[in-house]
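These notes are about the structure you will find just below.
In the working numbering, the protein residues as written are 319 to 723.
Okay, structure coming up:
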């Protein structure tokens, strides 16, 4: 299996995703060898003149905020919508809960306030073996202790722990801890980071339970959930507008650094994509057949284009994941195939995996009838994390285990 990455992916993110794919396949298909097909370093886009085309580039550059932004959902997707905002601002729920909690509650002399009990329990979370396992599965164990400390010592954390909302704080704190850990992890890894939404939810449930055990009888999570979520939704529009504010202009250098690999790879491929296709072709010829192409995003476009253009009998199966190839074909923008022309017979069996929450994942059975099988998976992550969450989703590996040669 050749693992062909998508747009904007660079090291160390590619190697981390490659290892995640290997770990996911190993228990279900230990016979499969997963081989790298990394094109971002040599064939990907770069600011080849050092950013000379960008006004003010490199002057007063600030560090890019690489916290993973999410897009609000709808209907029964409230949790995914909430996570999208928490990845932007892990302290958002704490701020809203403390602000709407009212007057402080008088307690009996000597009684431990809920905030104090919660703080002590939070600092002891690292000693729970089951939680460590869940944090490992979610990909955030290394960042978790620092995330807990950052939340507890923040002004928002201290305000919550001093307010009546502390009695309803376990689930709010749990989400803040995990969201901060994800933000830190995404900032270290950059593009290509995969997080398992199911494991994240299990970790939050475990943290909530451990914190709730520290509260006096009659206290517990959940009583502030409705008002807090409604407040989060009201702020969603303001957050979106803020991205287009004058602050974005001031941070243009940092925003360019964060955005240009992804956008640049797409533009470069559509203009001159031959180098990426040739790199994939060389990797196919060097591999022991039968070969499977597991191709993500732009890598799926390049892999399909390659198979349309050339006879590669070594490739027995194409698996695209979060791919835009069907959409480009419908637009008439797929480089190898004009809209209306069918896929050549030399294109092998094709499975197209997509997540309905991934706004960059498209389906192919309607535009390529009888030639592609669309399979939906749910990574329980908001967009754009949904676009790289496939590699952390056990559902994908169960699918691959059954379909690989």
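We put the CB at the ideal spot given by N, CA and C, even for glycine.
*How long is the line joining the alpha carbons of residue 328 and residue 595, rounded to whole angstroms?*
Taking the first residue of the chain shown as 1, we reach residue 328 at position 10. Taking the first residue of the chain shown as 1, we reach residue 595 at position 277. Those two C-alpha atoms are separated by around 17 Å.
*Inspect the CB distances between the stretch 355-371 and the stretch 328-347 and report whether three or more fall short of 8 Å.*
yes
_Taking the straight line between their C-alpha atoms, what separation do you get for residue 401 and residue 627?_
Translated into positions along the chain shown, residue 401 becomes position 83. Translated into positions along the chain shown, residue 627 becomes position 309. Taking the straight line joining both Cα atoms gives about 42 Å.
_In this structure, how does DSSP classify residue 783 when only helix, strand and coil are distinguished?_
Outside the displayed span of the chain (319 to 723) sits residue 783, for which this structure offers no information.
*asked:* Using only the alpha-carbon positions, how far apart do residue 320 and residue 529 sit?
replied: Along the chain shown, read from residue 1 onward, the residue named residue 320 stands at position 2. Along the chain shown, read from residue 1 onward, the residue named residue 529 stands at position 211. If you take the alpha carbons of residue 320 and residue 529, they lie about 44 Å apart.
*Quick one: measure Cβ to Cβ for residue 722 and residue 705, integer angstroms, because I've assumed they're closer than 8 Å.*
By 1-based counting over the chain shown, the position of residue 722 is 404. By 1-based counting over the chain shown, the position of residue 705 is 387. Contact flag wrong, Cβ pair sits at about 23 Å.
*asked:* Can you tell me which residues form a DSSP beta bridge with residue 269?
replied: With the chain covering 319 to 723 only, the question about residue 269 has no answer from this structure.
_Are there any heavy atoms of the ligand NAD lying less than 7 Å away from the beta-carbon of residue 524, as far as the coordinates show?_
Absence of the ligand NAD is noted for the structure shown, with no ligands found whatsoever.
*Taking all protein chains shown into account, do 16 or more other C-beta atoms lie within 10 angstroms of the C-beta of residue 474, making it buried, or fewer, making it exposed?*
Mapped onto the chain shown, residue 474 falls at position 156. Per the 10 Å Cβ criterion, buried.
*Any idea which residues DSSP pairs residue 320 with across the strands?*
Along the chain shown, read from residue 1 onward, the residue named residue 320 stands at position 2. Answer by DSSP bridge pairing, in chain order: 353 and 611.
_If distances are taken between C-alpha atoms only, which option among 324, 399, 340 and 414 comes closest to residue 711?_
Walking along the chain shown from the start, residue 711 turns up at place 393. Residue 340 is the option with its Cα nearest to residue 711.
_Span of the alpha helix (DSSP H), counted from its first residue to its last, around residue 691_ = Start at 1 with the first residue of the chain shown, and residue 691 comes out as number 373. Element bounds for residue 691: not the alpha helix (DSSP H) but the beta strand (DSSP E), 691-694.
*For residue 634, which three-state DSSP category applies?*
By one-based count along the chain shown, residue 634 stands at place 316. DSSP places residue 634 in strand when its eight states are reduced to three.
_Alpha-carbon to alpha-carbon, residue 413 and residue 462_ = Walking along the chain shown from the start, residue 462 turns up at place 144. Walking along the chain shown from the start, residue 413 turns up at place 95. About 20 Å.
*Is residue 669 helix, strand or coil by DSSP?*
Here residue 669 is taken as the residue at index 351 of the chain shown, counted from 1. Note: residue 669 maps to strand in three-state DSSP.
*Which of the three DSSP states, helix, strand or coil, is assigned to residue 481?*
To locate residue 481, count along the chain shown from 1; it is residue 163. Three-state DSSP puts residue 481 in coil, outside helix and strand.
*Grab the span of the alpha helix (DSSP H) containing residue 715 for me, first residue to last.*
Walking along the chain shown from the start, residue 715 turns up at place 397. In the DSSP assignment, residue 715 falls within the alpha helix (DSSP H) that extends over 712-721.
*Would you say residue 680 and residue 653 are within 8 Å of each other, going by their C-beta atoms?*
Residue mapping note: residue 680 aligns to position 362 of the chain shown, counting from 1. Residue mapping note: residue 653 aligns to position 335 of the chain shown, counting from 1. For residue 680 and residue 653, no; Cβs fall outside 8 Å.
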